[in-house]
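Below you'll find the structure, written out as structure tokens, and then a few comments.
Numbering (the working numbering), first residue to last: 267 to 496.
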């Protein structure tokens, strides 16, 4: 079954920094009724003097348990995609350095630079922050049965809650990301291979804390607003 959902309702984000509501809306196709986009987009502008951080559209998605992957079902935290959060300063290496610096300053130590595996996997002991610094990719969120596909490119940031399966459908331009995790978290790998794995993962996810800083905008960012709502 295919559901079609509008990313139609903008969510005001009005802390001390300015928020500009998105003026244009787009649609996404969701392949299964168990994958539920929250249908929300918003626009966030950073006001600090970091010249390579931009105003960005923020899209949120809730992906339900499909029987194989827990997805968002345990903590009900949405996947967040910050579109064009970083402006490219020139080379991919320079952009990667800036993403790493920003994540580090906000309490998310970078762990690697790499692409995205082309098979579904997830983490049960940590949320994951992915900052794209080279190329572009179509990413599937939620696993093959209920997956929601989204395109990401250099300058975008994905915030993947613990339990949400993710994979690359295809990529180009030497797609690479910075991978980071909340300070003190040790990430694991799960593949949806058995119910025993899933049960243990669900127990782990219940113990994962919600960060107190946004990985891009620090103490005043969209993640704090959207995850606080849950």
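We put the CB at the ideal spot given by N, CA and C, even for glycine.
Nothing here was measured: the structure is a model prediction, and the numbers come from that model.
- A Cβ-Cβ contact shorter than 8 Å links residue 388 with residue 456.
- Nearest Cα to residue 407 within the set 401, 452, 430 and 419: 430.
- Take the alpha-carbon of residue 372 and the one of residue 463: they are about 32 Å apart.
- Taking 8 Å as the cut-off, the Cβ atoms of residue 434 and residue 381 count as close.
- Our two residues, residue 424 and residue 329, have alpha carbons roughly 14 Å apart in a direct line.
- With respect to the C-alpha of residue 379, the residue from 361, 385 and 391 having the closest C-alpha is 361.
- Here residue 340 carries a coil assignment [DSSP, helix/strand/coil].
- The C-beta separation of residue 374 from residue 448 comes to about 6 Å, placing the pair in contact by the 8 Å criterion.
- Bridge partners of residue 481 according to DSSP: none are assigned.
- Judged by their CB atoms, residue 350 and residue 422 are nearer to each other than the 8 Å cut-off.
- Assigned with DSSP and collapsed to three states, residue 456 falls in strand.
- With fewer than 16 other beta carbons inside 10 angstroms of its own, residue 436 counts as exposed.
- At the C-beta level, residue 326 and residue 432 stay beyond 8 Å of one another.
- The Cβ atoms of residue 397 and residue 444 lie closer than 8 Å to each other.
- For residue 472, the closest alpha carbon among the candidates 335, 415, 322 and 339 is that of 339.
- Around the Cβ of residue 364, a 10 Å sphere holds 16 or more other Cβ atoms; the residue is buried.
- Residue 337 counts as buried, since no fewer than 16 other beta carbons sit within 10 angstroms of its beta carbon.
- Around the Cβ of residue 450, a 10 Å sphere holds fewer than 16 other Cβ atoms; the residue is exposed.
- Judged by DSSP secondary structure, residue 359 falls outside any beta strand (DSSP E) and instead within the alpha helix (DSSP H) spanning 358 to 371.
- Taking the Cβ atoms as the reference, residue 392 lies roughly 6 Å from residue 474, within the contact range of under 8 Å.
- As computed with DSSP, residue 434 is found in a beta bridge with 405.
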